[in-house]
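Numbering follows full-length UniProt numbering, with no gaps: position 91 of the sequence shown is 91.
Remarks on the structure that follows.
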Amino acid sequence: MKTLPYLLIGIRFLMALIILLLGYFKGDESRTLLLILMYFGLLTDIFDGIIARKYGVSSEKLRRLDSQTDLIFWLSLGFASYCINPELIKKEWAGILLIVVMESLCYIVSWWKFGKETCTHAFLSKMWGVSLLIALTYLIGFQQAGWAFNLAVGLGFISHLDVILIVLLLPKWQYDVPSSYHAWKIRKGKERKKTIFFN
């Protein structure tokens, strides 16, 4: 059981590769399978953290691996969405560019300050993940953007701002920091133990 979290992360990485191949080679024919893989991937993301904490194997290495695999997984779904709905995605280029810039800034600020990538698993980031799930369900399943896409962009912007604040406030690199408020408490010495949410 102690190796299961790593196995689940590995499965999610393999699913990302399958999603890329399906989106590129099968396109519109792969909609249903892509949605199944997306929701199954979300389950592996939830349970790898639960199992890791239950068996005491939640470590910096595991959390960093989980965080980078999440990025690859969601990027693969974004690529597949483009393969299926290129014109629709092109119309939403401004929102997509905003999120790409914010994600890049998170990495740039973290590498500049700590020499490591971000690994906060913050609460707002988790809410953004939920909104991404909804937006991609609409994009892949129903060929629509609308409110779901706008919600994902809005939450994405806010959650990335929160991550940047976390990085700037932390006195030293730390993983699993729920919010910039918690980072401020850590900076002031008012909070030492990490608060971990459902992932």
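Positions of the beta carbon are idealized from the N, C-alpha and C atoms, including for glycine.
As the structure is a computational prediction, the values presented were derived from the model and not from experiment.
Interface flag, residue i vs chain D, CB-CB below 9 angstroms
i: residue 67; result: Judged by its chain identifiers, the structure shown contains no chain D, having just a single protein chain.
Buried versus exposed call for residue i [16 or more other C-beta atoms within 10 Å across all chains shown]
i: residue 73; result: buried
i: residue 31; result: buried
i: residue 120; result: buried
i: residue 163; result: buried
i: residue 153; result: buried
i: residue 12; result: buried
i: residue 108; result: exposed
i: residue 199; result: In this prediction, residue 199 scores a pLDDT of 46, lower than 50, which makes its location untrustworthy; the coordinate-derived value is nonetheless stated afterwards. Buried, by the Cβ-count rule.
i: residue 111; result: exposed
i: residue 63; result: buried
Distance CB(residue i)-CB(residue j) smaller than 9 angstroms
i: residue 8; j: residue 51; result: yes
i: residue 6; j: residue 48; result: yes
i: residue 151; j: residue 131; result: yes
i: residue 80; j: residue 23; result: yes
i: residue 155; j: residue 105; result: no
i: residue 26; j: residue 37; result: no
i: residue 67; j: residue 103; result: no
Residue of the options minimising C-alpha distance to residue i
i: residue 167; options: 20, 114, 21 and 128; result: 114
i: residue 21; options: 40, 60 and 83; result: 83
i: residue 69; options: 96, 17 and 2; result: 17
i: residue 28; options: 186, 157, 143 and 94; result: 143
i: residue 35; options: 92, 112, 76 and 56; result: 76
i: residue 2; options: 94, 110, 66 and 58; result: 58
i: residue 147; options: 110, 65, 134 and 159; result: 134
i: residue 126; options: 98, 71 and 100; result: 71
i: residue 40; options: 100, 19, 56 and 172; result: 19
Near the ligand GTP: residue i beta-carbon under 8 angstroms from a heavy atom
i: residue 54; result: Of ligands this structure carries none, so the ligand GTP is not represented either.
Distance between beta carbons of residue j and residue i, contact taken as under 8 angstroms
i: residue 187; j: residue 161; result: The Cβ separation is near 17 angstroms, so there is no contact.
i: residue 149; j: residue 95; result: 7 angstroms
i: residue 92; j: residue 145; result: 5 angstroms
For the region 138–152 against the region 168–176, are there 3 or more C-beta pairs whose distance is under 8 angstroms?
The region 138–152 and the region 168–176 do not touch, with fewer than 3 CB-CB distances between them shorter than 8 angstroms.
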